[in-house]
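Report on the structure given below.
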Amino acid sequence: MTAMMVRLQEELFDPGSLQFTLFSETRKTGGIVTFTGYVRAIDSNGIPLKSLFLEHYPGMTEKSIKHILSDAADRWDIESIGVVHRVGWLPPKDPIVWVGSAAAHRSEAFASCEFVMDYLKTQAPFWKKEETEEGVKWIDSHHSDEARAARWATS
Amino acid sequence: MTAMMVRLQEELFDPGSLQFTLFSETRKTGGIVTFTGYVRAIDSNGIPLKSLFLEHYPGMTEKSIKHILSDAADRWDIESIGVVHRVGWLPPKDPIVWVGSAAAHRSEAFASCEFVMDYLKTQAPFWKKEETEEGVKWIDSHHSDEARAARWATS
Amino acid sequence: MIKIFFFGRLRDTISSDSIILEEVADLDSVEKIRMYLSESRGSIWEEALNQSNIVISVNQVVVSTDAVVCDGDEVAFFPPMTGG
Amino acid sequence: MIKIFFFGRLRDTISSDSIILEEVADLDSVEKIRMYLSESRGSIWEEALNQSNIVISVNQVVVSTDAVVCDGDEVAFFPPMTGG
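In order, the protein sequence lines correspond to chains P, W, G and U. Offset between the first sequence (1-based) and our numbering: plus 1125. Offset between the second sequence (1-based) and our numbering: plus 1125. Offset between the third sequence (1-based) and our numbering: plus 231. Offset between the fourth sequence (1-based) and our numbering: plus 231.
Here it is, written out as structure tokens:
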């Protein structure tokens, strides 16, 4: 059984505390891989970001993240895995998302963490908009993200 | 230019603080991938571990880790990358090694972090021995580690 | 009754975050709901709901446009996700 | 003078962490040093230094057994690494 944790929150989180919690629930873990995504300081045109807004679909968001984590637990031998994702308005440089995977073997921790990130980007109902001095603009999805998620389909 | 950090130390380290430091030195980073390796609570035969000893080759160790980080910086577009590796006697559940990679794009952070771990396991002069109630025993290298490191040779 | 939600840029475009359809006897598929809204709400809705990359969910699960919809279901239309 | 280090299990086996060779005129390769130590130090050393997976470094860089060694170099013999 893989322990799973999903949190959606407006509040800032601390990656170090999350990793400590993840590890404290394990018995045979030899390694933890984490990914932390941060609000960029500038938008894709190089204009300083004032803030980033994360909208989501309450109810469906939690459900889809749990589904992604269950998929990861089916594919890899991982002892504990967790996702924390923020919603609402975030300032530049704040962490947006954290994924941590704890496993006996590092290859499984790496693969499952990357898999969860790739699916979060394309399968979990979140939408970002950026605010700069030029106004507020919804972010388009990236083809590269879809391609990265598709990689896992055949493995 | 990729910022690089290498530390060898007997003292305990805190993964959260290391990630904070890594991120604070970046300007365009969108994501950080970290790996933390921990002392297992039991050895490969299921016997509780009393402690793990990490021997190294002073001088060569730092040099070889810097070489691995330079290789990673040549292969991927990463803004900052760091390794902290402990030496000496460590108690069960203590962190042994930390690798953190900060990049604009998560795929490069994931790949470079995993590359550095695979090479650390096979190219940096560290040797582990485990102490249980049955005595002290040197750890043999794993063929799987050599195979994982070899994967990167052609990419 | 079918409850319909809109999110992200799509919601801004049509200036509506949710609507409730009370008369749903003929609206037994996602495609029929889309056609009904496109025809009854004007060209802005029509264009927004017929974008090629639109994502549709029924009861919070992503579906294809031929998916069946029943009385009491929750349907949503939204742009491709951009989280993480 | 050539300084030679031994690490890990190998060091324990031969009960030596380093030696200094003063007369090095004929010891101009890793292989010659290995043969010299194998012949002059007895069977425990011979067996330990000739294991197939032994790793050898010259001036802190891993080398193959035909690597050249010069007066003043630092050579090391050790088992495969097990860090990280």
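Even for Gly, the Cβ is constructed at its ideal location relative to N, Cα and C. Computed from a prediction, not measured in an experiment: that's the story for all the values here.
Closest residue to residue i among the options (Cα-Cα distance)
| i | options | result |
| --- | --- | --- |
| W/I1190 | W/F1160, W/V1131 and W/V1164 | W/V1131 |
| W/Y1244 | W/D1270, W/M1129 and W/E1256 | W/D1270 |
| G/T313 | P/G1141, P/V1222, P/P1217 and P/I1167 | P/V1222 |
| G/C301 | G/A279, G/E262 and G/S247 | G/E262 |
| W/E1255 | W/F1138, W/I1167 and W/D1139 | W/I1167 |
| U/N281 | U/N290, U/T296, U/G239 and U/K234 | U/T296 |
| U/R272 | U/S247, U/F309 and U/I285 | U/S247 |
| G/F238 | P/P1250, P/S1149 and P/M1126 | P/P1250 |
| G/V286 | P/S1226, P/A1128 and P/T1247 | P/T1247 |
| P/W1277 | P/H1192, P/E1258, P/S1149 and P/V1241 | P/V1241 |
| W/E1187 | W/K1262, W/R1273, W/M1129 and W/A1272 | W/M1129 |
| W/V1261 | W/S1176, W/F1145, W/S1142 and W/P1140 | W/S1176 |
| G/A298 | G/R265, G/I250, G/N284 and G/E277 | G/R265 |
| G/Q291 | G/P310, G/E305 and G/W276 | G/E305 |
| P/T1257 | P/L1215, P/I1206 and P/Q1144 | P/L1215 |
| G/S288 | G/L268, G/I275 and G/F309 | G/F309 |
| G/G315 | P/E1259, P/A1274 and P/R1152 | P/A1274 |
| G/E254 | G/F236, G/M232 and G/I275 | G/M232 |
| W/L1194 | W/F1148, W/A1272, W/W1263 and W/S1237 | W/S1237 |
| W/F1148 | W/S1226, W/H1192 and W/S1266 | W/S1226 |
Beta bridge counterpart(s) of residue i as assigned by DSSP
| i | result |
| --- | --- |
| P/K1246 | Beta-bridge pairing links P/K1246 to no other residue. |
| P/W1263 | P/K1254 |
| P/Y1163 | P/P1220 |
| P/H1268 | DSSP, once it has assigned bridges, lists no residue as partnering P/H1268. |
| U/K234 | U/I251 and U/E305 |
| W/G1156 | P/G1162 and W/A1228 |
| W/G1213 | W/L1179 |
| P/I1203 | P/A1228 |
| W/L1133 | W/H1210 |
| P/P1173 | P/I1167 |
| U/I287 | U/V294 and U/F308 |
| G/S260 | G/V299 |
| W/A1128 | W/S1205 |
CB contact check: residue i to chain W, cutoff 9 Å
| i | result |
| --- | --- |
| P/S1280 | Because the pLDDT of P/S1280 is 48, which lies under 50, any placement of that residue in the model is unreliable, and the question is left without a value. |
| U/N281 | no |
| P/R1211 | no |
| U/F308 | no |
| P/R1200 | no |
| P/S1237 | no |
| P/S1080 | In the structure as shown, chain P begins at 1126 and stops at 1280. Residue 1080 of chain P is therefore absent and cannot be evaluated. |
| P/A1197 | no |
| U/M312 | yes |
| U/I251 | no |
9 Å Cβ cutoff, residue i in contact with chain U
| i | result |
| --- | --- |
| W/M1185 | yes |
| W/W1284 | Since the first residue shown for chain W is 1126 and the last is 1280, residue 1284 of chain W is missing from the structure and cannot be characterised. |
| W/E1135 | no |
| W/E1259 | no |
| W/R1181 | Contrary to the premise, residue 1181 of chain W reads as His rather than Arg in this sequence. Answer yes: the Cβ-Cβ gap between W/H1181 and chain U drops below 9 Å somewhere. |
Interface flag, residue i vs chain G, CB-CB below 9 Å
| i | result |
| --- | --- |
| P/I1221 | yes |
| P/M1130 | no |
CB contact check: residue i to chain P, cutoff 9 Å
| i | result |
| --- | --- |
| W/G1141 | yes |
| W/S1189 | no |
| W/K1254 | no |
| W/A1275 | no |
| G/S288 | yes |
| W/S1232 | yes |
Proximity test, Cβ basis, 9 Å: residue i and chain B
| i | result |
| --- | --- |
| U/G273 | Looking at the structure shown, chain B is missing, and the protein chains on hand are P, W, G and U. |
heavy atom of the ligand ADP below 8 Å from residue i C-beta
| i | result |
| --- | --- |
| U/I275 | Looking at this structure, you won't find the ligand ADP or any other ligand, since it has none at all. |
With 8 Å as the limit, tell me which residues of the stretch 1240 to 1251 of chain P have their beta carbon closer than that to any beta carbon of chain G; keep them in chain order.
-> M1242, L1245, K1246, T1247, Q1248, A1249, P1250 and F1251
Give a yes or no on contact between the stretch 1147 to 1167 of chain W and the stretch 1145 to 1164 of chain P, applying the rule of three or more CB pairs nearer than 8 Å.
-> yes
Are at least three pairs of beta-carbons, each pair with one atom in the stretch 258 to 270 of chain G and one in the stretch 232 to 244 of chain U, less than 8 Å apart?
-> no
Is the number of C-beta pairs between the stretch 1199 to 1207 of chain W and the stretch 1223 to 1232 of chain W that are closer than 8 Å three or more?
-> yes
Mind listing which residues of the stretch 1146 to 1179 of chain P have their C-beta closer than 8 Å to chain W's C-betas, in chain order?
-> Going along the stretch 1146 to 1179 of chain P in chain order, one finds F1148, R1152, K1153, T1154, G1155, G1156, I1157, V1158, T1159, F1160, T1161, G1162, Y1163, R1165, A1166 and I1167 with a Cβ nearer than 8 Å to chain W.
Three or more C-beta pairs closer than 8 Å, one from the stretch 1171 to 1178 of chain W and one from the stretch 1177 to 1186 of chain P: is that the case here?
-> no
Residues in the stretch 290 to 304 of chain G with C-beta within 7 Å of chain P's C-beta atoms, listed in sequence order?
-> Here the close residues are Q291.
Is the stretch 1130 to 1148 of chain W touching the stretch 1204 to 1214 of chain W in the sense that three or more CB pairs, one from each, lie closer than 8 Å?
-> The stretch 1204 to 1214 of chain W and the stretch 1130 to 1148 of chain W touch, with no fewer than 3 CB-CB distances between them shorter than 8 Å.
Would you list, in chain order, the members of the stretch 232 to 246 of chain U that have their beta-carbon closer than 8 Å to a beta-carbon of chain W?
-> F236, F238, G239, R240 and D243
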